[in-house]
Amino acid sequence: MAKQFLALFALLLVLPHLHATGTIVPMVAKTSKTFYVSGQLSGMGATDFMVDTGSGYLTINEITLKALQAKGTAQYLRDMTGVLANGDELVVPVYLLSAINLGGRCQLSDVEAAVFPGVARQILGMSALKKASPFLFSVDPPLLQLSNCQQQLTKAEK
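This is the structure we're talking about:
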């Protein structure tokens, strides 16, 4: 009971701060269970990210990685073993991306991204969301309220 009270108290302290300083990024509900935000990776055009707070990493696909490498905006860090939603394990490379812009309103720098084979969908996971914490995920209305956003991408970075 005391832990629940402390958690509620902490939430009440954080929410006014989010409201006063947060950056709102609209989400689009594709189904009743999945939400997407528009985004842009430095060196690439627009893309959509499925928001997944259960994913430890921002994930991109191999096609996106090749485009980022051609622009010099992705740096290899390491390989890691990821556990997929179905329980299978997969070894994937992790890259450091120079910047990601969410909804045209929130730029985050130096975000780690796991790279999945083929044309897998791009996922906005916790490696990016932690950089924008504290954050608020709302389903009604569907939006993300993010903190610690940096200035927008310059035309040269787009």
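Going by our numbering, the first residue of the sequence shown is number 165, and it counts up by one from there. The beta carbon of each residue, even a glycine, is placed where N, CA and C say it ideally should be.
- With contacts defined by Cβ atoms closer than 7 Å, valine 189 and arginine 285 do not form a contacting pair.
- Around the Cβ of tyrosine 240, a 10 Å sphere holds fewer than 16 other Cβ atoms; the residue is exposed.
- Under DSSP, arginine 242 shares a beta bridge with Val258.
- Within its own chain, the residues whose Cβ lies closer than 6 Å to the Cβ of phenylalanine 199, once the five positions on either side in sequence are excluded, are Met191, Ala193, Val215 and Pro306, listed in chain order.
- In the DSSP assignment, phenylalanine 199 forms a beta bridge with Ala193.
- Under the three-state reduction of DSSP, alanine 277 is assigned to strand.
- With 16 or more other Cβ atoms inside 10 Å of its own Cβ, glutamate 276 counts as buried.
- In its chain, beyond the 5 residues on either side, Cys270, Leu272, Leu310, Ser311, Asn312 and Cys313 have a beta carbon closer than 7 Å to the beta carbon of alanine 296.
- In chain order, Glu253 and Val255 place their CB closer than 6 Å to the CB of threonine 245, counting only its own chain and leaving out the 5 sequence neighbours on each side.
- The shortest C-alpha to C-alpha distance from proline 281 to any of Gln204, Ile224, Gly218 and Val201 is the one to Ile224.
- Burial state of valine 201 is buried, judged by a 10 Å Cβ sphere holding 16 or more other Cβ atoms.
- With a contact defined as Cβ atoms closer than 8 Å, lysine 230 and glycine 207 miss out at about 11 Å.
- In the same chain as threonine 237, and ignoring 5 residues on each side of it, the C-beta atoms closer than 6 Å to its own belong to Ser206, Gly207 and Ser262, in chain order.
- C-alpha of valine 258 to C-alpha of alanine 292: approximately 13 Å in a straight line.
- Among the bridge pairs identified by DSSP, glutamate 253 is matched with Val247.
- In the three-state scheme derived from DSSP, where H, G and I count as helix and E and B as strand, glutamine 233 is classed as helix.
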